[in-house]
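Data block below; observations after.
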Amino acid sequence: MLKTELILIKLGGSVITFKNKPFHEDLKTIKRLVREIHEARQEKDFRLIVGHGGGSYPHVPAKKYKTALGIIDEKSYEGIAKVQDAASRLNRIIVRELINVGENAVSIHLSSCCVAENGVIKKMFLEPIKKLLDFNMVPVPYGDVCLDLKKGCCILSTEVILTYLGKLFAKTENKYKVSKIIMCTDVGGVFTDDPKKNSQAKIIPEITPTNFEKVLKYVKGSSGIDVTGGMLHKVKSLLELAKIGIESQVIDGKKPQTLKRALLGERNLGTIITNKR
Ligand code: ADP
Numbered sequence: 025m026l027k028t029e030l031i032l033i034k035l036g037g038s039v040i041t042f043k044n045k046p047f048h049e050d051l052k053t054i055k056r057l058v059r060e061i062h063e064a065r066q067e068k069d070f071r072l073i074v075g076h077g078g079g080s081y082p083h084v085p086a087k088k089y090k091t092a093l094g095i096i097d098e099k100s101y102e103g104i105a106k107v108q109d110a111a112s113r114l115n116r117i118i119v120r121e122l123i124n125v126g127e128n129a130v131s132i133h134l135s136s137c138c139v140a141e142n143g144v145i146k147k148m149f150l151e152p153i154k155k156l157l158d159f160n161m162v163p164v165p166y167g168d169v170c171l172d173l174k175k176g177c178c179i180l181s182t183e184v185i186l187t188y189l190g191k192l193f194a195k196t197e198n199k200y201k202v203s204k205i206i207m208c209t210d211v212g213g214v215f216t217d218d219p220k221k222n223s224q225a226k227i228i229p230e231i232t233p234t235n236f237e238k239v240l241k242y243v244k245g246s247s248g249i250d251v252t253g254g255m256l257h258k259v260k261s262l263l264e265l266a267k268i269g270i271e272s273q274v275i276d277g278k279k280p281q282t283l284k285r286a287l288l289g290e291r292n293l294g295t296i297i298t299n300k301r
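Quick note: the sequence shown uses the working numbering, first residue 25, plus one each step.
Written as structure tokens, this is what we have:
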């Protein structure tokens, strides 16, 4: 059966919000990115899921209530509600802007269609996503709080959500073939060190099974101890997908036209993560 191409995008929190200003979205960048998405969809036929990070929106309540740790005290329930509210407020902005450029986008709230077990997605109700894709509409999931069968609650990153969806579409019999995952962040790709802290850092154009051990060491060093987010989390998730044959690209979402060019198939735009040697 000839499968329809499906592309998964992540609009990073670092691109769509001002990370050090709570509840501040970068509307100009959001408007440009959704325009690029729409233009690419006019030029080429593919189905699309647009995930996005939370950036400075859910960060404050998630940190205050330590939501990622689970239900730890009486205040945790208030935390679940506040994180869900903050993350979905940013989601409304992304969905609204996609609709404004002509994309029929619909929110997917993981907090209400999914349960996790120790931070790992256990079950997700996927029928709405599949149906939206059949209609050539655009599902928009995002990093969200999720109810957890073991620890009460957890945070699901957009990387975890897209990895789950990528694997699922690759494994189950369905009409779609995930051709790639595009991660838009605020730097030009994966570097030998954090490019914001080290001007000598060099871009790594390709991560393959041959160099990934070395790359993981670089990225581990540059990301410090924060293993739940940042570039290390991204590279690890993308390597999982590379192993099952799904290629991904880490690109600079702040640089105009880069997302559009990636959607139209250009490869040399940042870092490619692939299992092709
Ligand atoms: P997003 O919010 O877009 O998902 P993150 O803030 O989680 O992105 O991760 C991107 C950030 O990771 C960059 O802003 C960069 O400063 C940092 N970073 C740390 N190490 C590296 C590295 N080796 N290569 C690229 N970026 C890195």
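We treat Cβ as the ideally placed atom computed from N, Cα and C, and that holds for glycine.
Check: What three-state label does DSSP hand Leu7 in the structure shown?
Finding: The structure shown has nothing for residue 7, since the chain only spans 25 to 301.
Notebook entry, point to check: Roughly how many whole angstroms lie between the Cα atoms of Asp218 and Arg285?
Noted result: As a first step, residue 218 must be located in the sequence shown, where it is residue number 194. As a first step, residue 285 must be located in the sequence shown, where it is residue number 261. In a straight line, the C-alpha of Asp218 is about 25 angstroms away from that of Arg285.
Margin query: Going by beta-carbon coordinates alone, are Val162 and Leu288 separated by less than 8 angstroms?
Written below: On the sequence shown, position 138 is the one that residue 162 refers to. On the sequence shown, position 264 is the one that residue 288 refers to. No, the pair does not count as a contact, with Cβ atoms beyond the cut-off.
Check: How would you write the range of the beta strand (DSSP E) that Met25 sits in, first residue to last?
Finding: Translated into the one-based positions of the sequence shown, residue 25 becomes position 1. Run containing Met25: none; DSSP gives neither H nor E here.
Next item on the list: Identify, in the order they occur along the chain, each residue of the same chain with its Cβ nearer than 8 angstroms to the Cβ of Leu114, setting aside the five sequence neighbours on each side.
Entry: Along the sequence shown, one-based indexing puts residue 114 at 90. If we look at Leu114 and ignore the five residues flanking it on each side, its Cβ neighbours are Ile40, Thr41, Glu49, His76, Gly78, Gly79, Tyr81, Pro82, Tyr166.
Notebook entry, point to check: What residue from Asp158, Leu262, Val58 has the CA that sits closest to Thr28's CA?
Noted result: As a working mapping, residue 28 is identified with position 4 in the sequence shown. It is Asp158.
Item checked: Proximal residues to Glu102 (C-beta, below 8 angstroms), its chain only, five neighbours per side dropped -> The sequence position of residue 102 within the sequence shown is 78, counting from 1. The answer, listed in chain order, is Tyr89.
Next item on the list: Would you please state the rounded distance, in angstroms, between the beta carbons of Gly269 and Asn235? I believe it to be under 8 angstroms.
Entry: Indexing the sequence shown from 1 puts residue 269 at position 245. Indexing the sequence shown from 1 puts residue 235 at position 211. Asn235 and Gly269 do not touch by the CB rule: their CB atoms are close to 18 angstroms apart, not below 8 angstroms.
Note to self: Could you compute how far the alpha carbon of Ala86 sits from the alpha carbon of Lys201?
What the structure shows: As a first step, residue 86 must be located in the sequence shown, where it is residue number 62. As a first step, residue 201 must be located in the sequence shown, where it is residue number 177. Spanning the two alpha carbons is a distance of roughly 34 angstroms.
Check: Can you tell me whether Ala111 is buried or exposed, with buried defined as 16 or more other CB within 10 angstroms of its CB?
Finding: As a first step, residue 111 is located in the sequence shown; it is residue number 87 there, counting from the start. By the Cβ neighbour-count rule, Ala111 is buried, with 16 or more other Cβ atoms within 10 Å of its own.
Notebook entry, point to check: For Lys278, which residues from the same chain have a beta carbon less than 7 angstroms from its beta carbon, with the 5 sequence-adjacent residues on both sides left out?
Noted result: Reading the sequence shown from its first residue, position 254 is the one you call residue 278. So the qualifying residues of the chain are Val39, Thr53, Asp210.
Next item on the list: Measure the C-alpha to C-alpha separation of Leu30 and Gly190 and round it to an integer number of angstroms.
Entry: Working through the sequence shown from its first residue, we reach residue 30 at position 6. Working through the sequence shown from its first residue, we reach residue 190 at position 166. Whole-angstrom Cα-Cα distance: 9 angstroms.
Next item on the list: Report all residues from its chain with a CB closer than 6 angstroms to the CB of Ala129; omit the five preceding and five following residues, and keep chain order.
Entry: For the purposes of this step, residue 129 is taken as residue 105 along the sequence shown, with counting starting at 1. Contacts found: Val119, Leu122, Ile123, Val162, Val164.
Notebook entry, point to check: Leaving out five residues before and five after Ile206 in sequence, what residues of the same chain have Cβ atoms less than 8 angstroms from its Cβ?
Noted result: Within the sequence shown, numbered from 1, the residue matching residue 206 stands at position 182. Hits under 8 angstroms: Ile31, Leu32, Ile33, Lys34, Ser272, Gln273, Ile275, Leu283, Ala286, Leu287.
Check: Per DSSP, Lys201 is paired with what?
Finding: Numbered from 1 along the sequence shown, position 177 holds the residue referred to as residue 201. Lys201 pairs with Glu29.
Check: What are the complete alpha helix (DSSP H) segments, minimum 4 residues, inside the stretch 85-136?
Finding: Whole alpha helix (DSSP H) segments, 4+ residues: 100-125.
Next item on the list: Report yes if the C-beta of Met255 is less than 7 angstroms from at least one heavy atom of the ligand ADP; otherwise report no.
Entry: For the purposes of this step, residue 255 is taken as residue 231 along the sequence shown, with counting starting at 1. Within the cutoff, so yes.
Margin query: As an exercise, report each continuous beta strand (DSSP E) stretch of at least 3 residues that is fully enclosed by the stretch 253-279, in chain order.
Written below: Those beta strand (DSSP E) runs which fall completely within the stretch 253-279 and span 3+ residues are 271-276.
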